[in-house]
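Chemist: One structure, pasted below without further comment.
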């Protein structure tokens with residue numbers, strides 16, 4: 007999963023998100039030129055306000071590199087499994103728990 011070549015010029019890549027009760031499962035994927043610098047909630051992997059549905063979600067054994075904003079963000083999503091993910095050349099915190107109540 008990657009942003010296009012112009013992403014480098016503008017620090018504006020792709021992003022993925024599950025929100026408000028959706029289910030997100032990703033494993034053994036590569037994320038390259040992802041994240042949107044300076045834009046809230048635009049991260050390579052983002053669990054957003056999925057509350058207890060997080061127990062059905064995971065991000066395992068992924069590589070996230072050359073990201074313009076974070077690697078994995080968890081916001082108001084409980085029980086999500088993030089395991090074995092690797093980040094390199096990331097702007098900001100790599101693994102980010104947004105509100106601290108997760």
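Numbering (the working numbering), first residue to last: 7 to 108.
The beta carbon of each residue, even a glycine, is placed where N, CA and C say it ideally should be.
Being a predicted model, the structure only gives us computed values, none of them experimental.
1. Out of 70, 41, 62, 83, which one is the CA nearest neighbour of residue 94?
2. Apart from the five residues just before and just after residue 29, which ones in its own chain have a Cβ nearer than 7 Å to its Cβ?
3. Over what stretch of residues does the beta strand (DSSP E) that includes residue 67 continue unbroken?
4. Should residue 42 go down as buried or exposed, given a rule of 16 or more other Cβ atoms within 10 Å for buried?
5. When DSSP builds the beta bridges, which residues end up paired with residue 93?
Modeler: This is what the structure gives:
1. Along the chain shown, one-based indexing puts residue 94 at 88. Nearest option by C-alpha distance: 70.
2. Within the chain shown, the letter at position 23 stands for residue 29. Around residue 29: 59, 62, 63.
3. Walking along the chain shown from the start, residue 67 turns up at place 61. Taken as a continuous stretch (DSSP letters only), residue 67 belongs to no beta strand (DSSP E), as it is neither H nor E.
4. Translated into positions along the chain shown, residue 42 becomes position 36. Burial call: buried.
5. The residue labelled residue 93 in the question sits at position 87 within the chain shown. Note: residue 93 sits in a beta bridge opposite 70.
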